[in-house]
Amino acid sequence: MLTPMRICSGAEMRELDRIADQEYGIEATLLMENAGRAATQIILEKYPHAGRTTEILIFAGKGNNAGDAFVVARRLLCLERRVRIFHLQSEEGYKEATLKNFRILKRMKAKLTYLENSTDLAEFFSSSSGPFTLIDGILGTGIKTDLEGVFYEVVELLNSLNIGEVVALDIPTGVSGDSGAILGNSILATLTISFGFPKLGHFLPPGAARRGELINVDISLPPKFRKEGDKFLLMKGPMSALLKERDRYGHKNSFGHTLLIGGSPGRIGAISMASRACHKMG
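Here's what the structure looks like:
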């Protein structure tokens with residue numbers, strides 16, 4: 000039987016990354032590369048024209064989310080797609096695998112623009128008509144406080160443009176990976192590509208409404224991780240195996256009976272919905 004999809008909090012996902020590195024030797028650089036490779040493949044499957052009839056604008060902020068964005072940028076450039084990268088943190092602020100991938104882009108002479116504020120970005124859009132495909136790698140699931148400064152300004156500006164193709168890497172910037180809360184503001188994505196396992200914030204309102212279509216990709220974490228944890232997504236495949244086969248010639252007395260008691264005055268909604276569900280199930 001298929002294993003239900005595990006759902007993680009941000010802290011659980013970071014711990015899995017740590018265990019993969021320290022106990023299995025699956026380094027952060029490899030996980031980042033796998034995430035970027037899978038995301039690039041999905042982006043081009045969903046938007047095959049991206050970087051040809053559109054210009055791909057990649058926004059990178061802090062931490063590993065920026066590193067994932069840099070890998071996507073490199074892979075798209077290697078496929079000869081039109082790519083421009085805006086980064087909201089200086090080179091000195093990047094570390095380890097993220098810094099390594101940033102420096103690769105520099106050596107490739109990629110179009111890199113450092114945004115200390117949103118003014119340069121506003122000027123770019125005022126002189127460029129597009130169309131664009133936007134990739135959000137500004138902030139990931141580790142965000143704890145409201146967006147502010149250049150991060151808030153850039154998110155506000157990007158949302159105001161109503162770009163039709165907006166891909167969020169792991170989670171839309173500004174959405175809490177644990178609660179689904181919108182922290183000040185958030186990217187409004189049409190597609191979110193989550194890495195390893197989806198996060199609670201992908202399914203909890205109001206942030207769930209900001210993710211668009213959700214696709215989860217494997218980044219080569221050990222298979223035992225899928226069966227651990229205490230949160231799982233109910234999926235059609237695993238759940239269908241639990242349903243007993245029914246007699247196609249059965250009648251109303253073949254499958255037992257259900258007694259529903261409830262519905263105080265003015266509060267009949269729940270009992271009505273339960274009754275309809277029983278009726279639909281036969």
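Quick note: the sequence shown uses our numbering, first residue 0, plus one each step. Just so you know, even glycine gets a beta-carbon here, dropped at the ideal spot from N, CA and C. From a predicted model like this one, the values you see are computed outputs, not experimental measurements.
Exposure of residue i, with buried meaning 16 or more beta-carbon neighbours within 10 Å
| i | result |
| --- | --- |
| R5 | buried |
| Y46 | buried |
| N161 | exposed |
| I84 | buried |
| R247 | exposed |
| L15 | buried |
| H256 | exposed |
| A152 | One point to set straight first is that residue 152 is Glu, not Ala, in the sequence displayed. The residue in question, E152, is buried, as its Cβ has 16 or more Cβ neighbours within 10 Å. |
| G136 | buried |
| C7 | buried |
| P222 | exposed |
| H201 | buried |
| N252 | exposed |
| G35 | buried |
| G281 | exposed |
| T191 | buried |
| F194 | buried |
Beta-carbon contacts of residue i that lie in its chain and below 8 Å, excluding the five residues immediately before and after
| i | result |
| --- | --- |
| M272 | none |
| T97 | M31, G62, N63, A65, G66, F69 |
| G92 | K61 |
| T189 | G163, E164, V165, V166, G211, E212 |
| R51 | R80, R81 |
| P264 | none |
| E54 | R81, V82, R83, S127, G129, P130, F131, T132 |
Integer Cβ distance of residue i from residue j, believed to fall under 8 Å
| i | j | result |
| --- | --- | --- |
| A49 | E164 | 7 Å |
| V71 | I134 | 6 Å |
| V82 | A109 | 7 Å |
| S175 | I142 | 6 Å |
| F196 | M12 | 7 Å |
| M107 | L76 | 6 Å |
| G353 | K198 | Since the first residue of the chain shown is 0 and the last is 281, residue 353 is not available in this structure. |
| R73 | I103 | 6 Å |
| L146 | G183 | 4 Å |
Residues near residue i by beta carbon distance below 7 Å, same chain, minus five either side
| i | result |
| --- | --- |
| N33 | I218, S219 |
| G268 | none |
| G139 | G62, N63, N64, D169, I170 |
| Y113 | H86, S89 |
| G261 | A269, I270 |
| L156 | S117, L120, A121 |
| S185 | V154, P171, T172, G173, V174, G206, R209 |
| S274 | L259 |
| A180 | G206 |
| L203 | S178, G179 |
| E115 | V149 |
Contact set for residue i: own chain, Cβ-Cβ below 6 Å, skip 5 residues either direction
| i | result |
| --- | --- |
| K105 | none |
| N158 | L187 |
| N100 | G66, F69, V70 |
| G228 | R5 |
| S125 | none |
| C277 | T257 |
Neighbour flag for residue i against chain B, beta carbons, 9 Å
| i | result |
| --- | --- |
| F69 | Protein chains in the displayed structure number just one, and chain B is not present. |
Is it a yes or a no for the stretch 214-225 touching the stretch 23-41, going by three-plus beta-carbon pairs under 8 Å? yes
I'd like the ranges of any beta strand (DSSP E) spanning at least 3 consecutive residues and lying wholly in the stretch 177-238. 190-194, 212-216
Hey, which unbroken runs of the beta strand (DSSP E) at 3 residues or more fall wholly within the stretch 28-99? 54-59, 82-86
Touch test, the stretch 122-136 against the stretch 7-21, Cβ-Cβ under 8 Å, three pairs minimum: No contact exists between the stretch 122-136 and the stretch 7-21.
Scan the stretch 122-185 and note each continuous alpha helix (DSSP H) run of 4 residues or more that stays entirely inside, going in chain order. 148-159
Within the stretch 232-277, ranges of the beta strand (DSSP E) (whole runs, at least 3 residues): Entirely contained in the stretch 232-277, not one beta strand (DSSP E) run reaches 3 residues.
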